[in-house]
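Here is the structure we will look at, set down as C-alpha cells.
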Amino acid sequence: MPSIFITGGAAGIGLATAERFGREGWTVGVYDVDTAALAEVQATHPDWITGELDVRDPDQWVRALEEFTSHTGGTLDVLDNNAGVLVAGELGEISPAAVKTQIDIDVLGVTLGAQAALPYLKATPGAHLVNIASASAIYGQPGIATYSASKFYVGGLTEALELEWEKYDIRVVGIWPLWAKTALAETDAKSTQTLGVRITPEQVADKVWESVHPTANDRRLHRTSYSVGLQTTVLANAAKFAPNFATRLVNKFLAQ
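Under this note's numbering, the first residue of the sequence shown carries the number 7, and numbering increases by one thereafter.
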C-alpha cells in the first residue's frame with residue numbers, strides 16, 4: 007500500500023492529514039516532538055507508525071526515515087513537510103530566540119526533510135514532496151514577518167525542487183492555507199480578526215490528498231500551488247493581476 011510520512015503529525019493539520027490518508031488504507035507515519043501527543047496518537051491509532059522527530063536535526067531525520075521505510079520496503083510515496091511554528095509580534099518586539107526557532111523549524115526543517123527523503127522518494131515511482139506553505143507568503147505580513155518570510159522560502163524551494171526533481175519523477179507541491187483552526191491561529195495577529203479563522207484542518211488535509219492525486223491538467227501545467235479556501239484563492243489571484251500598490255494597500259488593511 008502507498009505510504010505517507012508526516013512531520014508535526016500529532017495534532018492540527020498533520021493529524022487531520024494522517025486521518026485522511028489512513029481512511030484510504032495508506033501506511034501512515036506520524037512524527038513529532040510532542041511525546042505526549044504522540045502517545046495519544048499511538049493509543050487511538052495503533053496501526054500507524056509513530057516516532058519522535060525534531061526536524062532541525064539531520065541525524066534524527068535519517069533515523070526516522072530509516073525506521074519508517076523499514077515498514078514499506080524502502081519506498082516513500084509522500085513526504086508531508088507539515089511541522090511549523092509561528093510567533094506573532096513586530097520584529098523589534100520578539101526575541102532573537104523566537105526568530106531563530108521559526109527559521110530553524112519553518113525553513114531549515116523543511117529543507118533537511120526534503121534532502122533526507124530524496125533517496126526514498128527516488129525509489130518510488132510517482133512520489134510526492136508536499137510542503138505546507140501559507141497565504142502569508144502572497145505578500146509579506148507585518149506582525150508575523152519572520153513566519154511570512156519563511157513561507158516565501160517554502161514557496162521558492164517548492165518551485166525550485168519541482169524543476170530539479172522532475173528527472174526523478176517526483177512531483178513537488180505546496181499547500182497554501184490561510185488561517186486554519188489550529189494552535190498556530192491562537193495568536194493576536196491582526197489578520198486573524200480581519201479575515202477570521204475559517205479553514206478547518208480537514209480542509210487542508212483534503213487539499214493535500216488532492217495534490218498527490220493530480221489531474222491530467224495539473225500534470226500538464228506542472229501545477230505546484232494548491233490554495234485552500236476561497237479567501238486564499240481570491241487573494242492569490244488578485245496579487246497576480248493587481249498593481250503592487252493595490253496589493254500593498256489590501257495587505258496593510260488586513261494586517262495592521
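A virtual CB, placed ideally from N, CA and C, is assigned to each residue, including glycine. The structure presented is a predicted model; accordingly, all values stated were derived computationally and were not measured.
Exposed unless 16 or more other CB atoms sit within 10 angstroms - verdict on residue i
{"i": "Pro131", "result": "exposed"}
{"i": "Thr177", "result": "The sequence shown places Arg at residue 177, not Thr. Buried."}
{"i": "Pro207", "result": "buried"}
{"i": "Thr33", "result": "buried"}
{"i": "Asp38", "result": "buried"}
{"i": "Ala94", "result": "buried"}
{"i": "Leu118", "result": "buried"}
C-alpha gap between residue i and residue j, whole angstroms
{"i": "Thr221", "j": "Gln66", "result": "35 angstroms"}
{"i": "Val113", "j": "Glu216", "result": "24 angstroms"}
{"i": "Ala186", "j": "Thr78", "result": "The predicted position of Ala186 is uncertain, since its pLDDT is 48 and thus under 50; no value can be drawn from it."}
{"i": "Tyr232", "j": "Val218", "result": "11 angstroms"}
{"i": "Trp54", "j": "Leu255", "result": "46 angstroms"}
{"i": "Lys128", "j": "Ile111", "result": "24 angstroms"}
{"i": "Ala122", "j": "Pro64", "result": "8 angstroms"}
{"i": "Pro52", "j": "Asn250", "result": "51 angstroms"}
{"i": "Arg29", "j": "Asp175", "result": "26 angstroms"}
{"i": "Val105", "j": "Leu59", "result": "21 angstroms"}
{"i": "Gly202", "j": "Thr81", "result": "Here the model assigns Gly202 a pLDDT of 48, short of 50, so the residue's position is not dependable and the matter cannot be decided."}
{"i": "Gly146", "j": "Ala103", "result": "21 angstroms"}
{"i": "Asn223", "j": "Leu169", "result": "17 angstroms"}
{"i": "Thr50", "j": "Gly31", "result": "16 angstroms"}
{"i": "Arg225", "j": "Glu72", "result": "30 angstroms"}
Opposing strand residues paired with residue i [DSSP bridges]
{"i": "Phe74", "result": "DSSP output for Phe74 lists no bridge partner at all."}
{"i": "Glu58", "result": "Asp38"}
{"i": "Ser9", "result": "Thr33"}
{"i": "Asn250", "result": "In DSSP, Asn250 forms no bridge with anything."}
{"i": "His134", "result": "Val84, Arg177"}
{"i": "Ser233", "result": "Trp182"}
{"i": "Ile100", "result": "In the DSSP output, where bridge partners are listed per residue, Ile100 has none listed."}
{"i": "Ile19", "result": "Ile19 pairs with nothing; no bridge assigned."}
Selection from the options that minimises the alpha carbon distance to residue i
{"i": "Asp40", "options": "Val61, Gly31, Glu25, Ala129", "result": "Val61"}
{"i": "Thr75", "options": "Leu169, Thr152, Pro8, Glu172", "result": "Pro8"}
{"i": "Ala151", "options": "Leu127, Glu99, Ala122, Thr117", "result": "Glu99"}
{"i": "Phe27", "options": "Ile10, Tyr37, Tyr174", "result": "Ile10"}
{"i": "Ala139", "options": "His228, Leu184, Arg225", "result": "Leu184"}
{"i": "His228", "options": "Thr164, Ile144, Asn88", "result": "Thr164"}
{"i": "Ala141", "options": "Ala45, Phe158, Tyr126, Leu127", "result": "Phe158"}
{"i": "Gly18", "options": "Ala49, Val91, Asp224", "result": "Val91"}
{"i": "Asn87", "options": "Ser101, Glu25, Asn137", "result": "Asn137"}
{"i": "Glu25", "options": "Gln209, Arg225, Lys173", "result": "Gln209"}
{"i": "Val234", "options": "Pro102, Ile144, Glu73, Arg226", "result": "Ile144"}
Any C-beta of chain D under 9 angstroms from that of residue i
{"i": "Leu184", "result": "Reference to chain D is not applicable here, since this structure consists of a single protein chain."}
Cβ-Cβ distance between residue i and residue j below 9 angstroms
{"i": "Val84", "j": "Leu135", "result": "yes"}
{"i": "Thr56", "j": "Val47", "result": "yes"}
{"i": "Thr107", "j": "Gly180", "result": "no"}
{"i": "Leu124", "j": "Trp182", "result": "no"}
{"i": "Ala211", "j": "Thr23", "result": "yes"}
{"i": "Ala89", "j": "Gly20", "result": "yes"}
{"i": "Val160", "j": "Val116", "result": "yes"}
{"i": "Lys126", "j": "Ala133", "result": "The amino acid at residue 126 is misidentified as Lys; the sequence shows Tyr. Going by C-beta atoms, Tyr126 is nearer than 9 angstroms to Ala133."}
{"i": "Gly149", "j": "Glu96", "result": "yes"}
{"i": "Ala43", "j": "Ala70", "result": "no"}
{"i": "Ser154", "j": "Ile109", "result": "no"}
Distance cut-off 8 angstroms: residue i Cβ against heavy atoms of the ligand ZN
{"i": "Val210", "result": "For the ligand ZN, the structure offers nothing, since it holds no ligand at all."}
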